[in-house]
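A.B. asks: Residue numbers (my numbering), protein chains in the order written: chain A, 17 to 299; chain B, 272 to 564. Got a structure for you, written out below as structure tokens; questions coming shortly.
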Amino acid sequence: MKTRHMKPQRILWNSFHYIMLIVASLIVVMPLFIAFISSFKTPLEMMRGEKTDWPTNLANFDNYSRFIDSQPVGTAFYNTLFVIVISLIIVTLIGTMAAYVIDRFRFRGRSLILLAYVIVMAVPAITTQVSLYQVMLSLGLVNSKWALIVLYSGADIVSLYIFITFLGSISKEIDESARIEGASYFQIYWKVILPLMTPAISTIVILRTIHIYNDFILPYLYTPRVEQSTVSMLLFKASDMMSSNTEAVLMAGIVIVIAPTLVAFIVLQRQIVSGMMRGAVKG
Amino acid sequence: MNLSSKNQKRCVIIGFLAVPLTLLTVFSIYPFIQLIGFSLTDWDGLSPDKTFVGLANYQSLFVEDRILLKPLINSLYYFIGSAMQLALATYFAVILNRRMAGANTFRMLLFLPFVLNSVAVSIIFRDFLQIEGGLDALMTIIGLGAYTQEWVQDPDIVKWSLVFASIWRYLGFQLLITYGALQAVPQDQFEAARLEGASEWQQFWYITFPTIAPVLGLQLILSTVGSLEVFDVPFLITGGANGTKTFIMAALEEAFEFRRVGMAAAMSVVLLSFVMLVIIVQRYLFDRGGIKS
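Quick look at the structure:
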């Protein structure tokens, strides 16, 4: 900011804005910071001291080892990774295939299919859980991580919408010239369209990974046992089991779950932000 | 393989759509139709027979026993909260858009809560808002120790505490969207306005606001829908105690705890209708269209 012609009034306003930003940032950071320092405290420190007190030993990893020993941490992380990877592969494949057909071909029933997708997209997923649960029961999927996989991939209309919008911006001349050179429609999809969709795919990968890692409602309903569930259920169950004198252990578990997100957030912040912006305005 | 072009086309269309359309039917369309069907029965979710009761569930919901509708009032708190959130998000987006020093760091910090695990942040807040929890300790440090409250225990305060937790979580997301919309505001107009001596407020009102108004309107609609569907934050922080139960929590409780699937389905349909109504209003006001055909 140039200071040459700054009027006193402007300086005053700028200071006000900075104060507001600093206050807001402190409000954002403080609950996280307190949870973080709590994870290094002994039960006695938790009981006697104030929450804002600095822990006596910042290298006290007792709470971490207690959390890892008492909770199925490895299983939950393995399941989370498994669900994310398989769901993303399915979403990418069926999403780009459907987008290819819907955007590039004109056929009978096409507008009906589009209408179905538009209607389903408008229906909030949370309102149909009561009956969806019965479907999952009859398919024998309740209590299996495959329940999460089919729902994160099969019921994900927003990703399809992003794929269709993206493909719509790619010129059809590319397909046509490949067609003239003798490529089949499948080859065009596989060798031309899919590689061109990479930016959209990476957007979906970022959006969906964040969503699946953080989602609570689907694991809560369909995989109540941690053995088949994600990190959300790990924390939910752990918090059910813990009492007030193991609060610091629970905080250690929270740090374990949040840490990978923080690292990814710092490394990939630009991609996450632009992915979010692209994905957000869906309606 | 030498399929004729027409046959090849048909193969690709059918082959590529078979899986997504099956998934769409099984996991979205069929449950949707079934939901309406269930809402007309008194099914308990277990027994093989479902008795058709017509609109009895709706009647008891709206006329006889309106206790189940009560949680819908809580949406009002979240709606007020989301209006405040949008105002705050717009304010921060506007000032961060002025290329001030550290703008990117502030933007990322405020956005951070949105990408964190739902259960993790809810437990953090549950502890933070406890008596003698983090919030009380912080207030004592800055000299506001006399104003601490029973943030989660007091029924009059807990709703605002939950709204606060919700704003904490989602403010950065709205900030990001508004910030994106602000990129479309031509910067040279600000320069010109500044030379003419326009105040900050005039610059916002005459240059910025008209450009971002559609995006703000859309966000308002989305958060209206959002405030009808609140679940995670209150469920994980209070479990619905002290009158913080939301409509979704009540519906899921009917279905999975009290085994009144018929009634739960009717509640879901009611909620769905409200959401649809909001969306129709949105289409009417903004006329944006959905997937282009």
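In this text, a Cβ means the ideal position worked out from N, Cα and C, and glycines have one as well.
1. Using a cut-off of 7 Å between C-beta atoms, extract the partners of residue 313/B located in chain A.
2. Using a beta-carbon distance cut-off of less than 8 Å, what residues from the region 37-50 of chain A approach chain B?
3. If you run the structure through DSSP and keep just helix, strand and coil, what is residue 93/A?
4. Determine, using beta carbons only, whether residue 219/A and residue 291/A come nearer to each other than 8 Å.
5. For residue 509/B, write down the residues that DSSP places opposite it in a beta bridge.
6. Answer yes or no: do residue 68/A and residue 408/B have a C-beta to C-beta separation smaller than 8 Å?
7. So does the region 521-540 of chain B actually touch the region 332-341 of chain B, counting three or more Cβ pairs closer than 8 Å?
8. Does the region 318-332 of chain B come close enough to the region 461-480 of chain B that 3 or more CB-CB pairs lie under 8 Å?
9. Examine the Cβ distances between the region 534-542 of chain B and the region 301-316 of chain B and report whether three or more of them are shorter than 8 Å.
10. Under a Cβ-count criterion, where at least 16 other Cβ atoms within 10 Å of its own Cβ denotes burial, should residue 472/B be classed as buried or exposed?
11. Quick one, which of 140/A, 261/A, 199/A has its alpha-carbon nearest residue 544/B's?
12. Under 8 Å, CB to CB, which of the residues in the region 326-344 of chain B have a partner in chain A?
13. According to DSSP, residue 312/B sits in a beta bridge with which residue or residues?
14. Here's the rule I'm using: 16 or more other beta-carbon atoms within 10 Å means buried, otherwise exposed. How should residue 154/A be labelled?
15. Among the residues of its own chain, which have a CB less than 7 Å from the CB of residue 74/A, if the five just before and after it don't count?
16. Taking the C-alpha atoms as reference points, what is the distance between residue 118/A and residue 231/A?
17. For residue 404/B and chain A, any beta-carbon pair shorter than 8 Å?
18. Residue 307/A touches chain B at which residues, Cβ-Cβ below 9 Å?
19. Taking a cut of 7 Å between CB atoms, which residues from the region 51-81 of chain A lie near chain B?
20. Could you tell me the alpha carbon to alpha carbon distance between residue 434/B and residue 179/A, rounded to whole angstroms?
21. Around the Cβ of residue 395/B, are there at least 16 other Cβ atoms within 10 angstroms (buried) or fewer (exposed)?
22. Pick helix, strand or coil for residue 267/A, following the three-state DSSP scheme.
23. Using 8 Å as the limit for Cβ to Cβ distance, is residue 257/A near chain B?
24. Cutting at 8 Å between CB atoms, please list the residues of its own chain near residue 129/A, excluding the five before and the five after it.
25. My output table needs one value for residue 241/A: the three-state DSSP class, helix, strand or coil.
26. Rounding to the nearest angstrom, what Cα-Cα distance links residue 450/B and residue 229/A in this structure?
27. Three-state secondary structure (DSSP) at residue 560/B?
28. What residue range is occupied by the uninterrupted alpha helix (DSSP H) comprising residue 439/B?
29. State yes or no: is the beta carbon of residue 388/B nearer than 8 Å to at least one beta carbon in chain A?
30. What does residue 85/A reach in chain B if we use C-beta pairs closer than 7 Å?
31. Determine contact between the region 39-55 of chain A and the region 267-274 of chain A, defined as no fewer than three beta-carbon pairs at a distance below 8 Å.
32. Kindly indicate the opening and closing residues of the alpha helix (DSSP H) around residue 55/A.
33. Does the beta carbon of residue 291/B sit closer than 8 Å to a beta carbon anywhere in chain A?
34. Taking residue 412/B as the reference, which of 93/A, 46/A, 122/A, 38/A has the closest Cα?
35. Under DSSP, the alpha helix (DSSP H) around residue 465/B begins and ends at which residues?
C.D. replies: In brief:
1. If you number the second sequence from 1, residue 313/B lands on position 42. Per Cβ cutoff of 7 Å: no residues; residue 313/B is ~14 Å from chain A at best.
2. Of all residues in the region 37-50 of chain A, 37, 40, 41, 43, 44, 45, 46, 47, 48, 50 have a Cβ within less than 8 Å of some Cβ in chain B.
3. Taking the first sequence and counting its residues from 1, one reaches residue 93/A at position 77. Helix, per DSSP.
4. By one-based count along the first sequence, residue 219/A stands at place 203. By one-based count along the first sequence, residue 291/A stands at place 275. The Cβ atoms of residue 219/A and residue 291/A lie closer than 8 Å to each other.
5. Counting from one through the second sequence, the residue named residue 509/B turns up at place 238. For residue 509/B, DSSP records no beta bridge to any residue.
6. Residue 68/A sits at position 52 when you count from the first residue of the first sequence. Residue 408/B sits at position 137 when you count from the first residue of the second sequence. One thing to note: residue 68/A has its Cβ within 8 Å of the Cβ of residue 408/B.
7. These segments touch.
8. Per the Cβ contact rule, the region 461-480 of chain B is not in contact with the region 318-332 of chain B (fewer than 3 Cβ pairs under 8 Å).
9. Segments in contact, yes.
10. Within the second sequence, the letter at position 201 stands for residue 472/B. Result: exposed.
11. Indexing the second sequence from 1 puts residue 544/B at position 273. Answer by Cα proximity: 140/A.
12. Flagged: no residues at all.
13. The residue you call residue 312/B lines up with position 41 of the second sequence. For residue 312/B, which the question treats as bridged, DSSP gives the partners 323/B.
14. Counting from one through the first sequence, the residue named residue 154/A turns up at place 138. Around the beta carbon of residue 154/A, a 10 Å sphere encloses fewer than 16 other beta carbons of the protein chains shown; the residue is thus reported as exposed.
15. Along the first sequence, read from residue 1 onward, the residue named residue 74/A stands at position 58. So the list reads 56, once near-sequence residues are dropped.
16. On the first sequence, residue 118/A is found 102 positions in, with the first residue counted as 1. On the first sequence, residue 231/A is found 215 positions in, with the first residue counted as 1. In a straight line, the C-alpha of residue 118/A is about 29 Å away from that of residue 231/A.
17. Locating residue 404/B in the second sequence gives position 133, where the first residue counts as 1. For residue 404/B, at least one C-beta of chain A is nearer than 8 Å to its own C-beta.
18. The question about residue 307/A has no answer, for chain A in this structure spans 17 to 299.
19. Result list: 51, 66, 67, 68.
20. Within the second sequence, residue 434/B is the residue found at index 163, counting from 1. Within the first sequence, residue 179/A is the residue found at index 163, counting from 1. Answer to the nearest angstrom: the Cα atoms are 34 Å apart.
21. Against the second sequence, residue 395/B aligns to sequence position 124. Taking all protein chains shown into account, residue 395/B has 16 or more neighbouring C-beta atoms within 10 Å of its C-beta and is therefore buried.
22. Looking up residue 267/A in the first sequence gives position 251. Residue 267/A sits in a helix when the DSSP states are folded into three classes.
23. As a first step, residue 257/A must be located in the first sequence, where it is residue number 241. At a cut-off of 8 Å between beta-carbon atoms, residue 257/A makes no contact with chain B.
24. As a first step, residue 129/A is located in the first sequence; it is residue number 113 there, counting from the start. Take residue 129/A, set aside five residues on each side of it, and the residues of its chain with a beta-carbon closer than 8 Å to its own are 118, in chain order.
25. By one-based count along the first sequence, residue 241/A stands at place 225. DSSP places residue 241/A outside both helix and strand once states are collapsed to three, so it counts as coil.
26. Here residue 450/B is taken as the residue at index 179 of the second sequence, counted from 1. Here residue 229/A is taken as the residue at index 213 of the first sequence, counted from 1. Between residue 450/B and residue 229/A, the alpha-carbon positions lie close to 26 Å from each other.
27. Here residue 560/B is taken as the residue at index 289 of the second sequence, counted from 1. With a pLDDT of 44 at residue 560/B, under the threshold of 50, the modelled position of that residue is not reliable, and the figure given next carries that caveat. In the three-state DSSP reduction, residue 560/B falls in the coil class, being neither helix nor strand.
28. Taking the second sequence and counting its residues from 1, the one referred to as residue 439/B is at position 168. For residue 439/B, the enclosing alpha helix (DSSP H) has its first and last residue at 426-453.
29. For the purposes of this step, residue 388/B is taken as residue 117 along the second sequence, with counting starting at 1. Yes, its Cβ sits closer than 8 Å to a Cβ of chain A.
30. Reading the first sequence from its first residue, position 69 is the one you call residue 85/A. Going along chain B, no residue has its Cβ under 7 Å from residue 85/A, so there is no contact; the nearest lies around 20 Å.
31. Touching, yes.
32. If you number the first sequence from 1, residue 55/A lands on position 39. Boundaries cannot be given for residue 55/A, as no alpha helix (DSSP H) includes it and DSSP labels it neither H nor E.
33. Position 20 of the second sequence, counted from the first residue, corresponds to residue 291/B. Interface residue, yes.
34. For the purposes of this step, residue 412/B is taken as the residue at position 141 of the second sequence. Taking only the C-alpha atoms, the option nearest residue 412/B is 46/A.
35. The count along the second sequence starts at 1 and reaches residue 465/B at position 194. Run containing residue 465/B: 458-466, per the alpha helix (DSSP H) assignment.
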